[in-house]
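One structure is given here, and the rest of the page talks about it.
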Amino acid sequence: MRLILVAGALALIFSLFGTPALIKVLARRGYGQFIRDDGPSTHHTKRGTPTMGGIIIIFASLIAYLCAHLVTGNSISISAVLIFGLVISLGLVGFIDDYMKVSRQNSRGISGKQKIAGQVFFAALFGYLGIHFPDSEGLTPISHNLSTVRDTSISLGVILVVVWVAFMVTATSNGVNLTDGLDGLATGASVMTFLAFVLIGVWEFGQSCAIVASGNCYNVRDPLDLAVLAAAFAGSCTGFLWWNASPAKIFMGDTGSLALGGALAGLATSLRVELLLIPLGGLFVIITLSVALQVIYFRLTGGKRLFKMAPLQHHFELKGWGEVTIVLRFWIIAGLCIAFGLGLFYTQWVAG
134 MRLILVAGAL ALIFSLFGTP ALIKVLARRG YGQFIRDDGP STHHTKRGTP TMGGIIIIFA
194 SLIAYLCAHL VTGNSISISA VLIFGLVISL GLVGFIDDYM KVSRQNSRGI SGKQKIAGQV
254 FFAALFGYLG IHFPDSEGLT PISHNLSTVR DTSISLGVIL VVVWVAFMVT ATSNGVNLTD
314 GLDGLATGAS VMTFLAFVLI GVWEFGQSCA IVASGNCYNV RDPLDLAVLA AAFAGSCTGF
374 LWWNASPAKI FMGDTGSLAL GGALAGLATS LRVELLLIPL GGLFVIITLS VALQVIYFRL
434 TGGKRLFKMA PLQHHFELKG WGEVTIVLRF WIIAGLCIAF GLGLFYTQWV AG
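The numbering of the sequence shown is my numbering, which starts it at 134 and goes up by one.
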């Protein structure tokens, strides 16, 4: 538990005090956000706000995690190493996209196909490596079985595991990316979701089959260290939120949103709660569905729109809702979804 507190606190401090320094560097170089003309008119005041703030989120999480282990003398787990590899890789894809946008001063970064290809490649690599590196109990960072609120008896096999993990990571990272459209919206929702993973990791460690000899125990590799990792991300996002809340002084950009989505999917996969990510990331799911429904409805009706604009948060902006009102209400929705997900997790353990 001390390791979790140290990692979370250090990440918060590094992010809170490191973000202003990053803002100055980005502003000096002119790395400001480009605002599309077809978006809500209120967003034009945000033109030029420094972007690529995801750099500090990744950096603060990584340094805090390493420092916490150095201070406490605990060893670093291979599960956390693989997730950090995924986070940095996806952050690099997002960074390239952000850099091309600010350098060209338009909304065209890398193409959608190139972005998806990069996400799928690194996610598949994460999935493949995750089913290797067994510990003394034979547990690998990623299970061969499909998991809901815990591992099931449904074995997927190597190929299906890699495909499934690639789909999960790509969908989640794009979901966070679509949610990152209002000041603090995606950051705040991410904080709550990471805290949920802290609770799940601690619970799985306490009910681990290596500690508790019962049929209801959890066979998960490195659950406590994954809780430490989740705490580091929660702390770094919280520190960043101080500067990202309305009116935002900095945006996370694709650098941050793709990386955070990868972290969420990586934690869900490694903690064996893959399908539980749907309610835990409920806000990201709802906003992603709004985009899918908009496209489907547009094509089926020959050009009519189901929402005034997608993603969903912009629909409410065009209806006249204030940005802060939308963010707060969407945070409430995210919190309710997370409470429901944690309820499902605990209910399954009680029933078992």
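The C-beta atom is built at its ideal place from N, Cα and C for all residues, glycine as well.
Keep in mind the model is a prediction, meaning the values are calculated, not measured.
Could you give the distance in angstroms between the alpha-carbon of residue i and the alpha-carbon of residue j?
i, j, result
"H265", "P274", "7 Å"
"S194", "R432", "42 Å"
"Y164", "I221", "20 Å"
"I196", "T184", "21 Å"
"I471", "L155", "31 Å"
"V226", "D313", "16 Å"
"G474", "V331", "13 Å"
"R354", "I333", "13 Å"
"T388", "T458", "26 Å"
"S174", "W376", "Any reading at S174 needs caution, since the residue's pLDDT is 49, under 50, leaving its predicted position unreliable; the model's value is listed next. Computed Cα separation, rounded: 22 Å."
"C350", "I344", "9 Å"
"S286", "S280", "9 Å"
"Q446", "A363", "26 Å"
"M442", "H448", "5 Å"
"M385", "Q427", "25 Å"
"A484", "P412", "19 Å"
Looking at the secondary structure, which residues open and close the beta strand (DSSP E) in which residue i lies?
i, result
"N278", "N278 to S280"
For residue i, which residues in the same chain have their Cβ closer than 8 Å to its Cβ, ignoring the five residues on either side in sequence?
i, result
"G290", "H277"
By DSSP's criteria, residue i is part of a beta bridge. Which residues make up the other side?
i, result
"D316", "DSSP lists no partner for D316."
"S423", "None, per the DSSP bridge assignment."
"G245", "Its beta-bridge partners do not exist; DSSP assigns none."
"P183", "G165"
"S379", "None, per the DSSP bridge assignment."
"S341", "Y351"
Would you mind reading off the limits of the alpha helix (DSSP H) that contains residue i?
i, result
"S286", "Careful: S286 lies outside any alpha helix (DSSP H), inside the beta strand (DSSP E) at D284 to S288."
"I471", "E456 to A484"
"H448", "L445 to L451"
"K234", "I211 to R237"
"D268", "Premise fails: D268 is in no alpha helix (DSSP H) and is neither H nor E."
Counting only the same chain and skipping the five closest in sequence on each side, list residues whose C-beta sits under 6 Å from that of residue i.
i, result
"G242", "D230, M233 and K234"
"A401", "E407 and L410"
"V335", "A360"
I think residue i touches residue j, with their Cβ atoms under 8 Å apart; what is that distance to the nearest whole Å?
i, j, result
"A365", "A144", "4 Å"
"L416", "A467", "4 Å"
"A381", "T152", "That belief does not hold up - the Cβ atoms of A381 and T152 are roughly 11 Å apart, past 8 Å."
"I216", "A367", "In fact, because the Cβ distance is near 14 Å, the residues do not count as touching under 8 Å."
"I383", "G186", "4 Å"
"S423", "L359", "Wrong, their Cβ atoms sit about 31 Å apart, outside the cutoff."
"S369", "F147", "7 Å"
"T305", "A398", "4 Å"
"V302", "Q252", "7 Å"
Just to confirm my understanding: we take residue i, look at its own chain, exclude 5 residues before and 5 after, and list those with CB closer than 7 Å. What are they?
i, result
"W297", "L289"
"N352", "L272, D284 and C342"
"S212", "P274, R354, D355, D358, L359 and S403"
"G206", "none"
"L439", "L426, Q427 and Y430"
"G260", "I275, V294, V295, V298 and A299"
Under a CB-based cut-off of 8 Å, is residue i close to chain D?
i, result
"V296", "Among the protein chains of the structure shown there is no chain D, as only one such chain exists."
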